[in-house]
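A.B. asks:
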Amino acid sequence: MPIELWLGFVGASALLLVAPGQIVLYTIHVVLAQGRSALPALALGAVLGDGLAMAVSLAGVGVLLASIPRALVGLKFVAGCVLVALGIIAFRAASRPQLRAHGKMKLRPGVGAFALTAFHPMGLVFFAAFIPAFVDHTRPLLPQVLLFGVTFLVLTLTNILGWGIAAAAARRALTESRRQQMGRLSASIMVAIGVYFAAAAFRALVHSP
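Per numbering that gives the first Met the number 0, the very first residue in the sequence shown carries number 0; after that it's consecutive.
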């Protein structure tokens, strides 16, 4: 494989990953609430989730979903509901730190990160379209797909760790009350995004033929 092709994939992937999305927002929220100790679970959950989504997508499910609009819209609705549920849990945890401290109300960072990445319908379609665009069709397919897949997962890990370390640094500079406010704000944004996605998907399902 030409090195410039791989470097192009790295650059495009990095630009896509660094933009704040659902998993980045979730990472920042959890690290602000629980500290850097939550970062390994977050990173592992995100990498496993992206790995599963990539494998399923490249197996043909992503293309199948893109060709069946109602199925894709239905998955978008489910993804929106998942984000709303995570946001509500996060808001309650941020609002009641005394319960979180006793383990009665604590986010499961790895589970949430895995759910956000593995079951995001656009991720399934994305991998099916993105990785093949960089494949050199004059060379064996499997080694290239594996290289691109591993590269993307390494970049995912780096991205989560980078945002998490930045959030941990911000956490040390904030008072407890300010961390609670930031936690409630980020959780509210998660709920709002989830409601928007779920409502848009529901309207599309209702009005689709």
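The C-beta atom is built at its ideal place from N, Cα and C for all residues, glycine as well.
As the structure is a prediction and not an experimental result, all values here were calculated from the model.
Whose C-alpha, out of Asp135, Ala32, Phe201, is nearest the C-alpha of Arg171?
C.D. replies: Residue mapping note: residue 171 aligns to position 172 of the sequence shown, counting from 1. Among Asp135, Ala32, Phe201, the Cα nearest to that of Arg171 belongs to Ala32.
A.B. asks: With three or more beta-carbon pairs closer than 8 Å as the criterion, would you say the region 9–25 touches the region 183–202?
C.D. replies: yes
A.B. asks: Looking at C-beta atoms only, is the number of pairs between the region 153–162 and the region 38–54 that lie closer than 8 Å three or more?
C.D. replies: Touching, per the Cβ criterion.
A.B. asks: For the region 46–59 and the region 105–119, state whether three or more C-beta atom pairs, one from each stretch, are separated by less than 8 Å.
C.D. replies: In this structure the region 46–59 lies against the region 105–119, because at least three pairs of beta carbons, one per stretch, are closer than 8 Å.
A.B. asks: May I ask which residues mark the beginning and end of the alpha helix (DSSP H) holding Gly50?
C.D. replies: Position 51 of the sequence shown holds residue 50. Taken as a continuous stretch (DSSP letters only), the alpha helix (DSSP H) holding Gly50 covers 38–55.
A.B. asks: At what residues does the alpha helix (DSSP H) containing His28 begin and finish?
C.D. replies: Taking the sequence shown and counting its residues from 1, the one referred to as residue 28 is at position 29. Taken as a continuous stretch (DSSP letters only), the alpha helix (DSSP H) holding His28 covers 21–33.
A.B. asks: Helix or strand or just coil, what does DSSP make of Leu173?
C.D. replies: Numbered from 1 along the sequence shown, position 174 holds the residue referred to as residue 173. Here Leu173 sits in coil by DSSP.
A.B. asks: Hey, how far is the Cα of Ile130 from the Cα of Pro19?
C.D. replies: Numbered from its first residue, the sequence shown carries residue 130 at position 131. Numbered from its first residue, the sequence shown carries residue 19 at position 20. For Ile130 and Pro19, the distance between alpha carbons rounds to 21 Å.
A.B. asks: Assuming the contact rule is C-beta atoms closer than 8 Å, Val83 and Ala203 should be a hit. Round their C-beta distance to whole Å, please.
C.D. replies: The residue labelled residue 83 in the question sits at position 84 within the sequence shown. The residue labelled residue 203 in the question sits at position 204 within the sequence shown. The C-beta distance from Val83 to Ala203 rounds to 17 Å, too long to meet the 8 Å contact threshold.
A.B. asks: Just to confirm, is the Cβ distance from Leu152 to Val9 under 8 Å?
C.D. replies: On the sequence shown, position 153 is the one that residue 152 refers to. On the sequence shown, position 10 is the one that residue 9 refers to. Taking 8 Å as the Cβ cut-off, Leu152 and Val9 do not qualify as a contacting pair.
A.B. asks: For the alpha helix (DSSP H) containing Ala132, list its first residue and its last residue.
C.D. replies: Residue mapping note: residue 132 aligns to position 133 of the sequence shown, counting from 1. Unbroken run through Ala132: none, as it is neither H nor E.
A.B. asks: Exposed or buried, which one is Ala132 when buried takes at least 16 other CB atoms within 10 Å?
C.D. replies: Counted from its first residue, the sequence shown places residue 132 at position 133. Classification of Ala132: exposed, given that the 10 Å Cβ count is below 16.
A.B. asks: Grab the span of the alpha helix (DSSP H) containing Thr116 for me, first residue to last.
C.D. replies: For this step, residue 116 is matched to residue 117 along the sequence shown. Run containing Thr116: 108–117, per the alpha helix (DSSP H) assignment.
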